[in-house]
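Trainee:
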Amino acid sequence: MKQITSLFLMSFLMIATLIAQTPAPEEATEELFKVVEQMPRFPGCEGQFKDNSAIENCSKQKMLEYIYKNLKYPEAAIKDDIEGMCVVQFVVNTDGSIAEANLIRDIGGGCGEASVDVVNSMNNMTERWTPGMQRGEPVRVMYTLPVRFRLESGPSEKMSPPPPPPPPPSKKMSKKKKKGDRNIIEIEDDGRPMTGGVTPPPPPPPPPAPPKKMRDKVKQAKPPMPPPSKSDRKEQIIEIEDVPVFEDMAVEEDVEEEIFKVVENMPRFPGCEDMAKGKHKCAKEKLMHYIYGQIRYPEEARKNNITGKVVIQFVVDKKGKIKDGKVLRDIGGGCGEEALRVVNEMNYLPKSWSPGTQRGRAVNVLFTLPVSFGIIKE
């Protein structure tokens with residue numbers, strides 16, 4: 001019996017040791033996307049429209065309304081005249097909740113913290129975001145939100161200018177006091193001096209005292225209002241920088257020229273400028289024809305049956321030139337490099353892109369181009 005008990009205890013200890021030495025399985029982390037087939041959408045528009053573009057436009061407008069309603073210009077920023085753009089980056093989870101909100105650009109004065117707070121407050125809404133979709137499955141998507149804070153003079157600041165100071169004494173009028181004379185004034189009239197002592201007239205009698213009712217009103221008069229504070233004189237404006245962006249955003253502290261994500265007139269591929277209508281549709285078709293005509297399926301990708309979507313991001317500057325091209329998403333096999341090559345070679349076209357315009361002026365615009373690689377088996 002003692003031997004059986006000993007064997008049982010030894011077996012138990014060996015099993016316990018093996019369990020203790022076995023590493024715990026690593027928790028599977030869900031992939032985080034930057035660009036997907038269907039981007040996340042702010043709630044409030046699902047089921048109202050059949051067209052996806054109409055739903056997206058509606059959701060963007062709903063999000064802007066929510067932010068404008070809930071984001072307040074911090075008092076410290078108003079006091080110190082702080083203006084500029086904050087950038088908040090966050091993740092829309094597969095269940096539509098908001099997570100990992102980070103401030104990637106701040107201007108101080110509490111503006112960054114206020115922007116992060118309003119993003120986190122979206123988890124308190126009655127409805128959640130519609131998650132992003134990739135290949136028919138909900139996925140986690142990185143979302144970047146630029147928020148611009150701006151101060152403008154309000155109507156109360158347009159006060160009437162102060163009265164001009166009294167003019168200095170003119171050379172044509174001066175007081176002189178001569179010995180033995182009393183209050184003698186010499187006035188030069190039309191260049192001819194008037195000599196001789198002139199006694200000034202007696203001062204006018206004081207005005208009569210106002211009636212008793214008037215005196216009571218004067219006693220009850222309120223003191224003048226203090227000048228408006230800086231926060232009263234300033235109109236606080238918070239703007240979402242055009243439309244929120246979903247891709248990674250390169251943030252630099254010393255930016256010479258602002259790069260827009262969405263503008264009133266987006267950049268257009270050349271070849272359609274003579275058209276009266278449908279320029280954007282024509283430019284998209286021309287761009288697709290150019291890419292399909294220039295791109296080559298890399299041999300390495302073909303050999304290894306590599307297929308999928310590559311995402312290229314570049315800037316169309318205000319002269320219509322392509323710059324800062326980079327691969328945001330690659331599938332390997334040389335596909336990313338090939339797509340980037342075709343984009344960079346647009347600078348050698350006979351004509352440049354038509355630049356994007358905002359408020360009537362040409363601006364730099366960030367452009368994102370997805371390129372799909374597929375092999376059709378015969």
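For the sequence shown, our numbering gives the first residue as 1, with consecutive numbering after it. Backbone N, C-alpha and C fix where the C-beta goes; we use that ideal spot for every residue, glycine too. Predicted, not measured: the structure shown is a model, and the values here were computed from it.
1) Just list the residues that DSSP pairs PHE260 with in beta bridges.
2) When DSSP labels each residue in this structure, what does ALA99 get in the three-state scheme?
3) Considering VAL311, what are the terminal residues of the beta strand (DSSP E) in which it resides?
4) Runs of 3 residues minimum, wholly inside the stretch 41 to 115: which ones carry the beta strand (DSSP E) assignment?
5) Answer yes if the stretch 112 to 127 comes into contact with the stretch 64 to 83, meaning at least three C-beta pairs across the two stretches below 8 Å, and no otherwise.
6) Locate the alpha helix (DSSP H) running through ARG342, then write down its first and last residues.
7) My understanding is that MET142 touches LEU32, with C-beta atoms under 8 Å, so please give their C-beta distance in whole angstroms.
8) Go ahead and label GLU338 buried or exposed: buried means 16 or more other beta carbons lie within 10 angstroms of its beta carbon, across all protein chains shown.
9) Exposed or buried, ASP317, counting other C-beta atoms within 10 Å across all chains shown (16 or more means buried)?
10) CA-CA distance, ILE376 and ASN305?
11) Count the other C-beta atoms from every protein chain shown that fall within 10 angstroms of the C-beta of TYR348, then say buried if there are 16 or more, exposed otherwise.
12) When you compare each of ASN364, SER354, LYS323 to LYS286 by their alpha carbons, which one comes out closest?
13) With which residues is ASN265 paired in a DSSP beta bridge?
14) Rounded to whole angstroms, what is the Cα-Cα separation between SER372 and HIS280?
15) I'd like the span of the beta strand (DSSP E) that includes LYS281, first residue to last.
16) Report the CB separation of VAL35 from LEU328 in whole angstroms; it is logged as a contact under 8 Å.
17) Can you tell me which of the three DSSP states TYR143 falls into?
18) Taking the alpha helix (DSSP H) that LYS303 falls in, what are its first and last residues?
19) For PRO155, name the three-state secondary structure that DSSP assigns.
20) State the CB to CB distance for the pair ILE291 and ASN364, rounded to an integer number of angstroms; the pair is presumed to be in contact (CB under 8 Å).
Mentor: Quick look at the numbers:
1) Position 260 of the sequence shown, counting from 1, holds the residue named residue 260. DSSP, once it has assigned bridges, lists VAL365 as partnering PHE260.
2) The residue you call residue 99 lines up with position 99 of the sequence shown. Correct three-state label for ALA99: strand.
3) Counting from one through the sequence shown, the residue named residue 311 turns up at place 311. Secondary structure note for VAL311: its beta strand (DSSP E) is the uninterrupted segment 308 to 316.
4) 84 to 92, 98 to 105
5) yes
6) Working through the sequence shown from its first residue, we reach residue 342 at position 342. The sequence given here has Val at residue 342, not Arg. 335 to 344 is the extent of the alpha helix (DSSP H) around VAL342.
7) Working through the sequence shown from its first residue, we reach residue 142 at position 142. Working through the sequence shown from its first residue, we reach residue 32 at position 32. Confirmed, about 6 Å.
8) Here residue 338 refers to the residue found at position 338 when the sequence shown is read from its first residue. Burial call: buried.
9) Position 317 of the sequence shown, counted from the first residue, corresponds to residue 317. Buried.
10) Residue mapping note: residue 376 aligns to position 376 of the sequence shown, counting from 1. Residue mapping note: residue 305 aligns to position 305 of the sequence shown, counting from 1. Near 10 Å, if we compare the C-alpha coordinates of ASN305 and ILE376.
11) Stepping through the sequence shown from its first residue, residue 348 is reached at position 348. Exposed is the call here.
12) To locate residue 286, count along the sequence shown from 1; it is residue 286. Of the listed residues, the one whose Cα sits closest to LYS286 is SER354.
13) Here residue 265 is taken as the residue at index 265 of the sequence shown, counted from 1. DSSP, once it has assigned bridges, lists THR357 as partnering ASN265.
14) Here residue 372 corresponds to residue number 372 of the sequence shown, with the count starting at 1. Here residue 280 corresponds to residue number 280 of the sequence shown, with the count starting at 1. About 21 Å.
15) Counting from 1 along the sequence shown, the entry for residue 281 is found at position 281. Premise fails: LYS281 lies in the alpha helix (DSSP H), 279 to 294, not in any beta strand (DSSP E).
16) Stepping through the sequence shown from its first residue, residue 35 is reached at position 35. Stepping through the sequence shown from its first residue, residue 328 is reached at position 328. Right, the Cβ-Cβ distance comes to about 6 Å (below 8 Å), so this counts as a contact.
17) Residue mapping note: residue 143 aligns to position 143 of the sequence shown, counting from 1. Reduced to three states, the DSSP call for TYR143 is strand.
18) Residue numbering aside, residue 303 sits at position 303 when the sequence shown is read from its first letter. It spans 299 to 303 - the alpha helix (DSSP H) in which LYS303 sits, taken as one unbroken run.
19) On the sequence shown, position 155 is the one that residue 155 refers to. Because PRO155 carries a pLDDT of 45, less than 50, the predicted location of this residue cannot be relied on, and the following value inherits that uncertainty. Here PRO155 sits in helix by DSSP.
20) Taking the sequence shown and counting its residues from 1, one reaches residue 291 at position 291. Taking the sequence shown and counting its residues from 1, one reaches residue 364 at position 364. At roughly 22 Å, the Cβ-Cβ gap does not stay under 8 Å, so ILE291 and ASN364 are not in contact.
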